[in-house]
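Student:
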Amino acid sequence: MSKLALVTGATSGIGRTFARRLAGDGHDVIAVGRRADRLEELAAEFPGVQVRRVVADLSTDDGVDTVAALCADEPLSMLVNNAGVAHYMPLADLPAGKARELVHVKVVAPTMLTRAAVPGMLARKAGAVVNVAGMIAFSGPAPAAQMPRRAVYAGALAHLVTMSQVLHAELSGTGVRVQVLCPGVVATEFHERQGMDLGAVPRMSAEDVVTAGLRGLELGEVVCAPGVEDGRLLRTVFEAELAAFGAQSPRLAERYRPS
């Protein structure tokens with residue numbers, strides 16, 4: 082049986098690189114994006130495999146429903162939830178329409194597509210879900226002077242991290258793997274569309290990000306951080322989270338009691 086991957090945001094950057102890498106490795110690919118011309122170019126690169134082009138806007142309910150139906154109906158061996166929008170700005174400055182688009186693309190779409198794909202993967206006892214987030218998911222404690230404020234964007238990526246970790250636990254022993262891929266700054270069109278010039282900022286290539294993600298799946302990593310050399314740093318973060326979670330008590334903490 083041929084391998085079939087569905088990749089969202091396949092018209093540029095990390096998504097296009099995932100689609101090209103998987104097609105080059107012999108996967109048939111369902112490439113989802115908003116630009117039909119870019120999807121046609123992608124398909125033309127790989128005449129030896131089936132690259133199905135699906136034009137869909139994941140910031141809309143119709144777009145999500147269209148792609149979710151494919152996730153439910155097709156025998157996917159891999160789902161890559163990569164589509165994204167930037168909208169980097171403080172919450173008070175973020176227009177309602179952009180906030181809605183961001184949450185739809187980075188929270189609603191990955192949730193609904195994964196929900197649609199997982200039952201089939203469970204039935205086949207095989208499959209992988211890759212959710213593309215970013216290291217900004219871990220930036221919440223940073224002081225205002227250290228990072229630009231982008232509460233909704235960071236929160237959306239943090240949702241992907243936690244959802245992926247819990248889903249991994251839910252699917253333990255089923256043959257279905259889950260990964261959240263968390264690169265830092267990547268050399269793609271993503272920031273240019275936001276009007277940001279990062280030409281002077283060291284950036285990882287999309288090719289390296291995809292290499293890390295696929296190798297991370299082989300290694301069994303749930304959280305894959307391509308630019309973090311010392312994996313113990315991530316383990317320390319998650320161990321601290323679990324320690325706090327496990328330290329709960331029904332008794333009111335001393336610091337909240339009237340003096």
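Just so you know, we're using my numbering here: the sequence shown kicks off at 82 and counts up by one.
Glycine included, each C-beta is placed from N, C-alpha and C at the ideal position.
Do V130 and G96 have their CB atoms nearer than 8 Å?
Tutor: Their beta carbons are not under 8 Å apart, which means V130 does not touch G96 by this criterion.
Student: Nearest-angstrom Cα distance between A226 and Y169?
Tutor: Those two C-alpha atoms are separated by around 16 Å.
Student: Where DSSP assigns a beta bridge to L85, which residues make up the other side?
Tutor: The partner list for L85 (beta bridge, DSSP) reads D109.
Student: Are the region 164-179 and the region 215-233 touching by the rule of at least three beta carbon pairs closer than 8 Å?
Tutor: They touch, by the three-pair rule.
Student: Where does the unbroken beta strand (DSSP E) through Q246 begin, and where does it stop?
Tutor: Segment A232 to E251 is the alpha helix (DSSP H) holding Q246; no beta strand (DSSP E) there.
Student: Can you give the Cα-Cα distance for E122 and Q246, rounded to whole angstroms?
Tutor: Cα-Cα distance, rounded: 35 Å.
Student: Going along the chain, which residues of its own chain have a beta-carbon closer than 7 Å to the beta-carbon of V188, five neighbours each way excluded?
Tutor: So the list reads A237 and H240, once near-sequence residues are dropped.
Student: My assumption, with CB atoms under 8 Å, is that R103 sits in contact with L157. Please give the rounded CB distance.
Tutor: Going by the sequence as given, residue 103 is Leu instead of Arg. Contact doesn't hold; Cβ gap of about 11 Å is too wide.
Student: Would you say A218 and C152 are within 8 Å of each other, going by their C-beta atoms?
Tutor: No, these two residues do not count as a Cβ contact at 8 Å.
Student: With distances taken between CB atoms, is the gap from L203 to T255 smaller than 8 Å?
Tutor: Yes. Within cutoff.
Student: So which of L252, L295, V210 and A150 has the shortest CA-CA distance to T98?
Tutor: Checked all of L252, L295, V210 and A150; the closest Cα to T98 is L295.
Student: Rounding to the nearest angstrom, what Cα-Cα distance links L248 and V145 in this structure?
Tutor: Between L248 and V145, the C-alpha separation is close to 20 Å.
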